[in-house]
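Peer 1:
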Amino acid sequence: MLLASASYVTILDNLGLAVAFPSIEKAFPSFERTTLAWVSSGYAVALASLLLVGGRLADRYGRRRLYRLGMVGFAVAALASALAPNPWVLIAARTVQGGAGAAVMASALALALPLVPAERRGVAMGWLGIAGSGASLLGPLIAGNLLSLTSWRLVFCITPPLCAAAWWWAPRIFDEVVTDRSSRVDVVGAVEATVAVAAGTLAITQSARLGVDHPVVAAGAVTAVVLGTAFLVRCRRVANPLLRLGTLRRRSFTVATASQLFTQLTIFAWFFSIPIFLQDEWGWSPSRSGWVITIAMLAACNSVFVGSYADRRGYRSVLVSGGICTGAGMILWLFMLGSSPSWWAILPGLVIFGWGTGMVGMTSTAAALDGVPADELAMANATHQTARRLMQTLGTAVAVAVIGNRDTADFGRFRWVWALVAAGYLLSAVIAVAYPARRVVPHQPAASQAA
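Numbering of the sequence shown is given in the numbering used here, commencing with residue 623 and proceeding in unit increments.
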C-alpha cells in the first residue's frame, strides 16, 4: 500500500492537472500560456531538485517521519491550489507540492522495500507498476468528470483524501527507520545538488519555448554542469556526503539507471505527442484519443507477472526483451500508420508497445535497487528517481521541439517522434545487456535500526 500510494498520488495529480489545464487558461485569460505553464514547470523543478536532499533527510531524521510530512505537505498544497485566487498563488502552491512530492518519493520505497523479502521484490515493484497504470487510467477519467460537473478547482481535491489515508496508516504498519542519526547533513553539498538539478530542469523545461541558444537556457545548463561537477567532487572529500559515490560504482545500479534514462525520455515524448497526433492529424475526439492511452496502459498491466519472472530468473532478460518489444511496437507504427485514421493500423503496435513498457517500467527501478544495502536505499532511490525525472522533463521538451507549433506540425514530424521512441528503447536494451546475469541478495547491515 505504501509503495503504491507514493506513485498513485503523484500520477493522479499530474494527469488531473493535464486535463484541467485548458480550463485554468480560460479562468485566467489575461495571463499568457507561458506563464501558466509554470503551474506544471514549478512542480517539476521542485520535485527533481529536492529528491537528493529528501533521501538524505530520510536517513537522518527518519523515513516514516519524512514520508508523513511529505503527505501532509502534498495535501495542504493541493488544497491551496484549489483555493488559489490568482495564478501566482497557484504556481507557488504547485511548487511547494513538488517539494512535498520529493519527500514522499524519496522515503516511500526506502521505508517499505526492506520489509519485502528479497526474492519477492520484483513482484512488489510489479504491483507498484499496476498502481501507476491504474492512476494513468483513472486520472484523466476522474478529472474529466469533475470538470464537466464543476470547476477546475475540484480537480486538485482528488489527492488529499488519499494523502490523509496514507498518513494515518503509515505508523500502524511501519516502524520508524533511521540509518544515520549521528552525522550532520552536508548543507553545502545539499545546496550544490539542489541548485544544479533545479537549473538543469529549468533549462530543459524552457528550451522548447525559448530555444537552446537562449541566454536563460544556456545559463541554466552551465550552472547545472558546474555545480553538478562541484557536488560530485565534494562527495569524494567530505565524511558524510549527500550521495555515496560507492552506489554509482555498483554495476547493477549504474546499468539499470543508464538503461532507463532512454526509456523515460522517450515514453514521455510519446505521452506528449500521441494526443496531439490523434486529434490534430487524424481528427479524433479527446475521448476517442484517450482510449489509445487506455489500451497501452492496460497492456502494461503485466508488471506483476514480469516481476515474478524477474524474482526467479533475474532482471537482465526482462530489461533486454522489454526494450526490444517496446521498440518493435513503434517500428510497426512507422510501417503501418498513415495520414488516414485506422484502428487496425494503430492497434497491433500499440499493444506490443504497451506490453513492453510494462516490462521495463518499474522493473528498472527494482533492478537498480537490487542488492543495495538497506541503509543506502533512501539515497540510492533518490538518485535513481532524480535521473528519471530529469529525463522525463527532457522527453517532453524534445517532443515539443520535434513537433513544433501548430502551423508547422505535420505527419512527418510525428514519424520522427516514433523513430526516436523506438531508438530509445532499443538502446536501453543494448545497455541492459551489461546488467549482472544473476540477482544480488541485499545485505542487511547492523547499522539499520528501527527507532
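For glycine and all other residues, C-beta sits at the position ideal for the given N, C-alpha and C.
1) Could you give the uninterrupted runs of the alpha helix (DSSP H) lying entirely in the segment 915–961, keeping only those of 4 residues or more?
2) Could you tell me the distance, in whole angstroms, from the CA atom of Thr888 to the CA atom of Val1020?
3) For Pro837, count neighbouring Cβ atoms within 10 angstroms of its own Cβ and tell me buried if that reaches 16, exposed if not.
4) Between the C-alpha atoms of Ser1050 and Ala818, what's the straight-line distance to the nearest angstrom?
5) Can Gly944 and Val982 be called in contact, C-beta distance under 7 Å?
6) State the DSSP-derived secondary structure class of Gly971, mapped to helix, strand or coil.
7) Given this structure, state the Cα-to-Cα distance separating Thr772 from Val631, to the nearest angstrom.
8) Work out the CA separation of Ile826 and Trp563 for me, nearest whole Å.
9) Give the straight-line distance between the Cα atoms of Ala1056 and Phe653, rounded to the nearest whole angstrom.
10) Less than 7 Å separating the beta-carbons of Ala728 and Ala680?
11) Rounded to the nearest angstrom, how far is the Cβ of Val973 from that of Ile917, given a contact under 8 Å?
12) My assumption, with CB atoms under 8 Å, is that Gly811 sits in contact with Arg856. Please give the rounded CB distance.
13) Checking 7 Å against the spacing of the C-beta atoms, do Val1024 and Arg1035 come in under that value?
14) Kindly indicate the opening and closing residues of the alpha helix (DSSP H) around Thr781.
15) Within the continuous alpha helix (DSSP H) that includes Tyr1057, where are the two ends?
16) Is the beta carbon of Ala932 less than 7 Å from the beta carbon of Val940?
17) Less than 7 Å separating the beta-carbons of Ala704 and Phe778?
18) Could you tell me the distance, in whole angstroms, from the CA atom of Val834 to the CA atom of Gly842?
19) Under a three-way DSSP split, which group does Val848 fall into?
20) Can you tell me where the alpha helix (DSSP H) holding Thr1008 begins and where it ends?
21) Assess contact between the segment 781–798 and the segment 687–694, defined as three or more Cβ pairs (one per stretch) separated by less than 8 Å. Is contact present?
22) Out of curiosity, what's the CA-to-CA distance linking Ile968 and Gln719?
23) Just to confirm my understanding: we take Gly664, look at its own chain, exclude 5 residues before and 5 after, and list those with CB closer than 8 Å. What are they?
24) Compute the Euclidean distance between the alpha carbons of Arg1011 and Arg938, then round it to the nearest angstrom.
25) Is Tyr814 near Leu849, with beta carbons less than 7 Å apart?
26) Does the Cβ-Cβ distance between Arg980 and Ala1045 come in under 7 Å?
27) When the Cα atoms are used, what is the spatial distance from Ser895 to Leu1016?
28) Among Met952, Leu639, Asp808 and Gln882, which one has its Cα closest to the Cα of Trp977?
29) Looking at the structure shown, is Thr772 part of a helix, part of a strand, or coil, going by DSSP?
30) Among Leu733, Ala702, Ala989 and Thr948, which has the Cα closest to the Cα of Pro782?
31) For a test of the three-state rule: what should DSSP assign to Thr678, helix, strand or coil?
32) For Trp955, which residues in the same chain have their Cβ closer than 6 Å to its Cβ, ignoring the five residues on either side in sequence?
33) For Ser986, count neighbouring C-beta atoms within 10 Å of its own C-beta (all shown protein chains included) and say buried if the count is 16 or more, exposed if not.
34) Taking all protein chains shown into account, do 16 or more other C-beta atoms lie within 10 angstroms of the C-beta of Ala786, making it buried, or fewer, making it exposed?
35) Would you kindly work out how many angstroms separate the C-alpha atoms of Gly692 and Trp966, rounded to a whole number?
Peer 2: By the coordinates alone:
1) Along the length of the segment 915–961, whole alpha helix (DSSP H) runs at least 4 residues long occupy 925–935 and 938–958, reported in chain order.
2) Those two C-alpha atoms are separated by around 9 Å.
3) Pro837 is exposed by the Cβ-count criterion.
4) Their Cα atoms are separated by approximately 26 Å.
5) Less than 7 Å divides the Cβ of Gly944 from the Cβ of Val982.
6) If DSSP states are grouped into helix, strand and coil, Gly971 belongs with the helices.
7) Straight-line measurement puts the Cα of Val631 at about 21 Å from the Cα of Thr772.
8) Coverage of the chain is limited to positions 623 through 1073, which leaves residue 563 absent and any answer about it impossible.
9) Straight-line Cα distance between these residues: approximately 49 Å.
10) It is a contact, given that the beta carbons lie within the stated cut-off.
11) Taking 8 Å as the upper bound for CB-CB distance, Val973 and Ile917 are in contact here, some 7 Å apart.
12) The Cβ separation is near 5 Å, so the contact holds.
13) In this structure, Val1024 places its C-beta atom within 7 Å of the C-beta atom of Arg1035.
14) Element bounds for Thr781: n/a, residue is neither H nor E.
15) Where Tyr1057 is concerned, there is no enclosing alpha helix (DSSP H), because DSSP gives it neither an H nor an E.
16) Their beta carbons are under 7 Å apart, which means Ala932 touches Val940 by this criterion.
17) Yes.
18) When rounded, the separation of the alpha-carbon atoms in Val834 and Gly842 is 10 Å.
19) Helix at Val848.
20) In the DSSP annotation of this structure, the continuous segment of the alpha helix (DSSP H) that includes Thr1008 starts and ends at Leu999 to Ile1025.
21) With a cut-off of 8 Å, the segment 687–694 and the segment 781–798 count as touching, because enough Cβ pairs lie within range.
22) About 37 Å.
23) Excluding positions up to five away in sequence, the list reads Ile713, Ala714, Arg716, Thr717 and Gly720.
24) So the two alpha carbons sit approximately 23 Å from each other.
25) At residue 814 the sequence reads Glu, which differs from the Tyr that was named. In this structure, Glu814 places its C-beta atom within 7 Å of the C-beta atom of Leu849.
26) Looking at the sequence itself, residue 980 is Gly, so the reference to Arg does not match. No.
27) Going by the C-alpha atoms only, they are around 13 Å apart.
28) When each option's Cα is compared against that of Trp977, the closest is Met952.
29) Three-state result, Thr772: coil.
30) Of the listed residues, the one whose Cα sits closest to Pro782 is Ala702.
31) According to the sequence displayed, residue 678 carries Arg and not Thr. Three-state DSSP puts Arg678 in a helix.
32) Excluding its 5 nearest sequence neighbours in each direction, Trp955 has C-beta neighbours in its own chain below 6 Å: Gly971 and Trp1040, listed in chain order.
33) By the 10 Å Cβ count, Ser986 comes out buried.
34) Under this definition Ala786 is an exposed residue.
35) Taking the straight line from one Cα to the other gives about 45 Å.
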